[in-house]
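Notes follow the structure.
Protein chains: 2
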Amino acid sequence: MYVTLSETFATDQCPSTREVPRQPANDRHLTRATRAGETLFAEGDAANHLYEVVTGAVRLARVTITGRRQVIAFGFPGDVVGFPHNRRYHTDCDVIQAAELRAHPRSILDTPADNPILHRYLVNAAMAEISGMQDHFLMLGRKSASEKTASFLSVLLMRIGTISNGVGHVHLPMCRGDIADFLGLTTETVSRTISQFRADGILGLTTAQDITVFDPLALRRLSELEE
Amino acid sequence: MYVTLSETFATDQCPSTREVPRQPANDRHLTRATRAGETLFAEGDAANHLYEVVTGAVRLARVTITGRRQVIAFGFPGDVVGFPHNRRYHTDCDVIQAAELRAHPRSILDTPADNPILHRYLVNAAMAEISGMQDHFLMLGRKSASEKTASFLSVLLMRIGTISNGVGHVHLPMCRGDIADFLGLTTETVSRTISQFRADGILGLTTAQDITVFDPLALRRLSELEE
DNA sequence: GATGATGTGTATCATAATGTAACAAATAGT
DNA sequence: ACTATTTGTTACATTATGATACACATCATC
């Protein structure tokens, strides 16, 4: 699955899906190293591969004719990105943190017999993806700015952060603009909200990208729908 | 695919996906008739079937612990609903207009060999679903109330309405509350916005559910991101 | 036809989030 | 090291949307 940064921790999905999936046994894979800023594919491109993120981070986004952008999802280790429709990609995909990617031919989706194990793995990833996107709908449609931001940080902490002695640390691989476009907010609102969390003593910033979460539970509480 | 009521007409997907898909040849299907108000499945239920909507309309929704609701999608003829994750449904599914449904065993997703044609059909539906949901993200995250409403009506008109002599007609199978929860608005805002469209001469209401679209193009123009 | 339940439309007011702007901090380029 | 450029933060004014309230339909049931 590729994380849609919603209430992953609140769902009933089994723990194994949180871990980097074991690589299918007989995969004739080719692993590719990429750098931040590199574009993996763009909306409308012929979809020849699906990519499994091994390390690093990628960003999936769509842009409208008028220039407004929506970040669909961030891809972290274990996520699969690049699900095609009519053999084409429907988002842009950019690397935001140097990433290793495992490329799987798109044809595996069409011809299961070629590699049953990998096929099943990709179908499962697609189902997880749909489920995760449904979570994200709730966030976009029915949460306030602070709920969205708390939710985002909370899931990010769970996903790519560390917690020791009840204190969390997480490095944000994306800029404020990416977060805003992911949550359906403006950069100013994201910034303001994070500042408020800091004023409330919930978290602290060493740099703008490095966050120490003093009270992960408070963050989680805020991310559930308030009241 | 099941429509997420976004800019379907604006994407580059091939026309065939707009039509009711031909039924897989060797499907041992069971068709089921349902009435408005009936619940097909609820969030958390074991997912034994995927349902292909043949006639009528269904509503997919999730509700939070605090009672806020997000309508994930409406399912119309040709759409497939009930994609599972970890063998469970992750939304509620209710019939909103008497519907005929074709039930396909969930196991088809796991064991392609059992019915390769149906399997491929379902996988394709899942890909379309992901693509459609990505459209919907743009709507929820980056559109104003009037853009959302125009977009919704415009897609609905294309999908289940009729146009003759440049004038469109569409019957809304869902109530204002459903529309609001789908678009991330309140019923009041939906009502206000539709009233505004009426005042602008874009559309007219015979009943609250029956809309005549005098100017489908204007509606479509409004649904693109404004300016 | 009365009755109530449900859904819808309109008005008013409150407020959360945005837009704008100015500034600070970090990063890249020379 | 110094400037240019991007990125992030903060303050204030504005506005779109939400909340509340109530009137008006429509429909089913008695």
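For the protein sequence lines, the chains are A and B, in the order given.
The opening residue of the first sequence carries number 315 in the numbering used here; numbering runs sequentially from there.
The opening residue of the second sequence carries number 315 in the numbering used here; numbering runs sequentially from there.
All C-beta atoms, glycine included, are put in the ideal place defined by N, C-alpha and C.
Residue span of the alpha helix (DSSP H) that contains residue i, given as start and end
| i | result |
| --- | --- |
| A/F397 | Unbroken run through A/F397: none, as it is neither H nor E. |
| B/E502 | T501 to A513 |
| A/S458 | No alpha helix (DSSP H) contains A/S458, which DSSP labels as neither H nor E. |
Sequence-distant residues of its chain with Cβ nearer than 6 Å to residue i (five each side left out)
| i | result |
| --- | --- |
| B/F323 | Annotation note: pLDDT 29 at B/F323 (below 50); position unreliable, no value reported. |
| B/A464 | L533, L536 and S537 |
| B/L354 | C407 |
| B/E352 | V409 |
| A/T503 | A459 |
| A/T507 | A459, S460 and T463 |
| B/A412 | R349, A350 and G370 |
| B/A356 | D406 |
| B/I474 | F390 |
| A/L531 | none |
| A/R416 | H343, T345, E366 and V368 |
| A/R336 | Residue confidence is low: A/R336 scores 49 on pLDDT, short of 50, so the model does not pin down where it sits. No coordinate-derived value is stated. |
| B/L486 | Q523 |
Bridge partner(s) assigned by DSSP for residue i
| i | result |
| --- | --- |
| B/E414 | B/A347 and B/T369 |
| A/R490 | Beta-bridge pairing links A/R490 to no other residue. |
| A/A387 | A/L374 |
| B/T526 | B/H483 and B/G518 |
| A/L536 | Looking at the DSSP assignment, A/L536 forms no beta bridge with any residue, so it has no partner. |
| A/V469 | In the DSSP output, where bridge partners are listed per residue, A/V469 has none listed. |
| A/A360 | A/R402 |
| A/D408 | A/T353 and A/R373 |
Same chain, Cβ closer than 7 Å to residue i, five either side skipped, listed in chain order
| i | result |
| --- | --- |
| B/A360 | R401 and R402 |
| B/A347 | E414 |
| A/G454 | In the sequence as presented, Gly is not what sits at residue 454 of chain A; that position holds Leu. Only G498 meet the Cβ criterion. |
| B/A522 | none |
| B/S505 | R490 |
Beta-carbon proximity list for residue i, same chain, < 8 Å, skipping 5 on both sides
| i | result |
| --- | --- |
| A/G518 | R512, I525, T526 and F528 |
| A/T476 | G482, H483 and V484 |
| A/G491 | T501 |
| B/D428 | S421 and I422 |
| A/G515 | F528 and D529 |
Run of the beta strand (DSSP E) containing residue i, from where it starts to where it stops
| i | result |
| --- | --- |
| A/G355 | In the sequence on display, residue 355 of chain A carries Phe and not Gly. First-last of the beta strand (DSSP E) with A/F355: T353 to F355. |
| B/I477 | T476 to S478 |
Beta-carbon separation (whole angstroms), residue i vs residue j, contact threshold 8 Å
| i | j | result |
| --- | --- | --- |
| B/R373 | B/F388 | 6 Å |
| B/V367 | B/G392 | 7 Å |
| B/P426 | A/H433 | 7 Å |
| A/V437 | B/L364 | Rounded, the Cβ-Cβ distance is 12 Å, inconsistent with contact. |
| B/F496 | B/V385 | 4 Å |
| A/H404 | B/Q448 | 6 Å |
| A/R456 | A/N362 | That belief does not hold up - the Cβ atoms of A/R456 and A/N362 are roughly 37 Å apart, past 8 Å. |
| B/F578 | A/M441 | There is no way to answer for residue 578 of chain B, as the model of chain B reaches only from 315 to 541. |
| B/T378 | A/L452 | 6 Å |
| B/E443 | A/I493 | The Cβ separation is near 26 Å, so there is no contact. |
Next on the checklist: At 3 residues or longer, what runs of the beta strand (DSSP E) sit wholly inside the stretch 415-453 of chain A?
Outcome noted: Within the stretch 415-453 of chain A, no run of beta strand (DSSP E) reaches 3 residues while sitting entirely inside it.
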